[in-house]
Amino acid sequence: MLIKRFARSDDASSPNAGRRRALRAGASTLVLALTGPRLAFANAIVAVRVWPARDYTRVTLETDNPVKFQQQLMESPNRFVIDLDEVDLSPALRDLVSKIQPNDPQIMQVRVGQFKPGVVRMVFDLKAGVKPQSFTLPPVAGYKYRTVFDLYPAVEPDPLMELLAKSGHKAEALAQNTPPSRPSSGTGTPSTEESEAFFQRYAQRDAGPRASRPASPPAGDRMPSLAQRNDDGLLTLPSRGPKTARLLTIALDPGHGGEDPGAIGSSGTYEKVVVLQIAKRLREKIDAQPNMRAMMTRDADFFVPLGVRVQKARRVDADLFMSIHADAFTSPSANGASVFALSERGATSATARLLEKTQNASDLIGGVNIKTNDRAVAHALLDMSTTAQIRDSKVFGTALLAEIGTVADRLHSKYVEQAAFAVLKAPDIPSVLVETAFISNPKEEQSLNDPAYQERLANALLKGIKAYFAKNPPLAKNRTA
Ligand SMILES: [Zn+2]
1 MLIKRFARSD DASSPNAGRR RALRAGASTL VLALTGPRLA FANAIVAVRV
51 WPARDYTRVT LETDNPVKFQ QQLMESPNRF VIDLDEVDLS PALRDLVSKI
101 QPNDPQIMQV RVGQFKPGVV RMVFDLKAGV KPQSFTLPPV AGYKYRTVFD
151 LYPAVEPDPL MELLAKSGHK AEALAQNTPP SRPSSGTGTP STEESEAFFQ
201 RYAQRDAGPR ASRPASPPAG DRMPSLAQRN DDGLLTLPSR GPKTARLLTI
251 ALDPGHGGED PGAIGSSGTY EKVVVLQIAK RLREKIDAQP NMRAMMTRDA
301 DFFVPLGVRV QKARRVDADL FMSIHADAFT SPSANGASVF ALSERGATSA
351 TARLLEKTQN ASDLIGGVNI KTNDRAVAHA LLDMSTTAQI RDSKVFGTAL
401 LAEIGTVADR LHSKYVEQAA FAVLKAPDIP SVLVETAFIS NPKEEQSLND
451 PAYQERLANA LLKGIKAYFA KNPPLAKNRT A
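full-length UniProt numbering applies: residue 1 is where the sequence shown begins, and numbers increase by one.
Here it is in structure tokens:
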């Protein structure tokens, strides 16, 4: 505890005696503050929450009124010191100490103490250097004022480097196989057998020595987009030679997380929890394929801003992007799964319009630092043509619906719906948002929690992905025979 720093006994004859006397004076003030009549400040701490993740660890103080604070980053040892003004050392604040988990990537421990009357000091002892970002969020969606301390690691994890580290051996294995025959380019929706056959051929495909993706990423912020339009206007990837094979990369985006729970079922199921479970099951299945790999925009319970989700998918040059959600509606009887693609012209149905509003509100609820949110990037994304992306996304969505329909109790909509979801705006990646079921429907809430149902759903999503690639093989389409 902080108190120790002030209660330490000192040798009054030493050169630092003056400073130490001052410290002792501080200590007596502290004792007064603790034992004298309690100074009650109006600003009550409602809750303290910690969201540890490798991307960043967030500490949130929820209060009745905005909190004034001073912060200081200190080295040797690394620590982050925050003084909260006009705040009492409440039980909620003391609880922060027990909320730091041993596996927190950034924080080793926290010490909280009444620094002086009306000032509470929090000292975060850090595992390594961090880049802190602090900001206040106005009340929204049941939350009061939130003061947010985001501790980013000095070197932020790079999704591309992580993907390459995880799947490099698989890319090599794929590159050493023999070339398959060219997949048929029929126009009908491929049957499951056909798509399995395609995938077996694809898995055995040779790539030749230049086949695999670059072993290291370019120096820039993200890989340059390799996507091109073919004659049909569909997005394809250029071949790197006459016989190119590579791992297909699927970006999986479990919705919400951290401060943003998403929809909440009547039995208390959080959307952010079940969609993460489903995404992890799907990741496992994708990674088990010889020619595919998955990148998750989040694999823990922390918030990822919508724009960052898109940036991560573009960083790894994903072939497909799938955002996974669970629907909610005012009526508990609403049910069924649905799939959405981006819309340039507004939502295609009333449900879609409602969803558009709630999903895009995720950044407000999850909590984004407006100062550092890269508006320039977001703007550039919006300005790009999305017509072909939308067309491909609808084809992808249709393939998914065909498979989900065999698992889900019913489809909420038989066709791919469209809405202006911010998370679907990667201009060069076919992107869909899957509403797996209605969490607001008690029966479907139960299904969403059922591991067996999650497993069936993940299988269906994988089949849908395969069916899409079987009909739209990103490499074969580019081959000059
Ligand atoms: Zn959602």
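Ideal Cβ placement from N, Cα and C applies to all residues, glycine included.
Close-in-space but distant-in-sequence residues of the same chain around residue i (CB under 7 Å, 5 per side omitted)
i           : result
residue 298 : 254, 257, 304
residue 469 : 248
residue 408 : 336, 337, 437
residue 283 : 252, 294, 296
residue 329 : 438, 440
residue 287 : 293, 294
residue 269 : 439, 445, 448, 449
residue 93  : 45, 48, 112, 120
Residues near residue i in its chain [Cβ-Cβ closer than 6 Å; skip 5 each side]
i           : result
residue 53  : 300, 302
residue 336 : 410, 411, 412
residue 146 : 60, 62, 137
residue 397 : 339, 341, 416, 432
residue 49  : 60
Own chain, CB closer than 8 Å to residue i, minus 5 neighbours either side, in chain order
i           : result
residue 455 : 281
residue 429 : 227, 235, 251, 313, 314, 318, 319, 320, 321, 389
residue 80  : 71, 72, 73, 74, 123, 124, 126, 130, 132, 149, 151
residue 97  : 109, 110, 111, 112
residue 143 : 62, 137, 259, 365
residue 442 : 265, 266, 267, 332
residue 353 : 346, 347, 419
Residue i versus residue j - alpha carbon distance
i           : j           : result
residue 314 : residue 426 : 7 Å
residue 420 : residue 342 : 5 Å
residue 76  : residue 106 : 15 Å
residue 387 : residue 461 : 24 Å
residue 91  : residue 310 : 39 Å
residue 295 : residue 463 : 18 Å
residue 139 : residue 466 : 44 Å
residue 163 : residue 316 : 8 Å
residue 59  : residue 174 : 43 Å
residue 446 : residue 405 : 18 Å
residue 484 : residue 109 : Summary: the structure shown does not reach residue 484, with the chain confined to residues 1 through 481, and so no result is reported for it.
residue 216 : residue 159 : Confidence at residue 216 is low in this model, with a pLDDT of 40, below 50, so the placement of that residue should be treated as unreliable; the coordinate-derived value is given next. One C-alpha to the other measures close to 12 Å.
residue 66  : residue 43  : 8 Å
residue 359 : residue 327 : 10 Å
residue 261 : residue 177 : 44 Å
residue 474 : residue 157 : 28 Å
residue 84  : residue 370 : 22 Å
residue 418 : residue 395 : 12 Å
residue 289 : residue 274 : 23 Å
residue 64  : residue 104 : 28 Å
residue 100 : residue 332 : 37 Å
residue 325 : residue 434 : 6 Å
residue 453 : residue 272 : 17 Å
residue 307 : residue 89  : 37 Å
Sheet register partners of residue i (DSSP bridge)
i           : result
residue 143 : 140
residue 396 : In the DSSP output, where bridge partners are listed per residue, residue 396 has none listed.
residue 62  : 47, 146
residue 389 : Residue 389 is not bridged to any residue.
residue 57  : 151
residue 417 : 340
residue 131 : 152
residue 432 : 322
residue 126 : 107
residue 454 : In DSSP, residue 454 forms no bridge with anything.
residue 71  : 82
residue 438 : 327
residue 121 : 83, 113
residue 411 : 337
Residue i - containing alpha helix (DSSP H), residue span
i           : result
residue 169 : 159-175
residue 100 : Counting along the chain, residue 100 falls outside any alpha helix (DSSP H), and DSSP gives it neither H nor E.
residue 365 : 362-366
residue 310 : 306-315
residue 92  : 91-94
Segment limits, beta strand (DSSP E) that includes residue i
i           : result
residue 113 : 107-116
residue 294 : 292-296
Residue i CB to nearest heavy atom of ligand 2 below 8 Å
i           : result
residue 271 : In the structure shown, ligand 2 is absent; the only ligands present are ligand 1.
- Item | Those runs of the alpha helix (DSSP H) which lie wholly inside the region 241-288 and span at least 4 residues | 271-287
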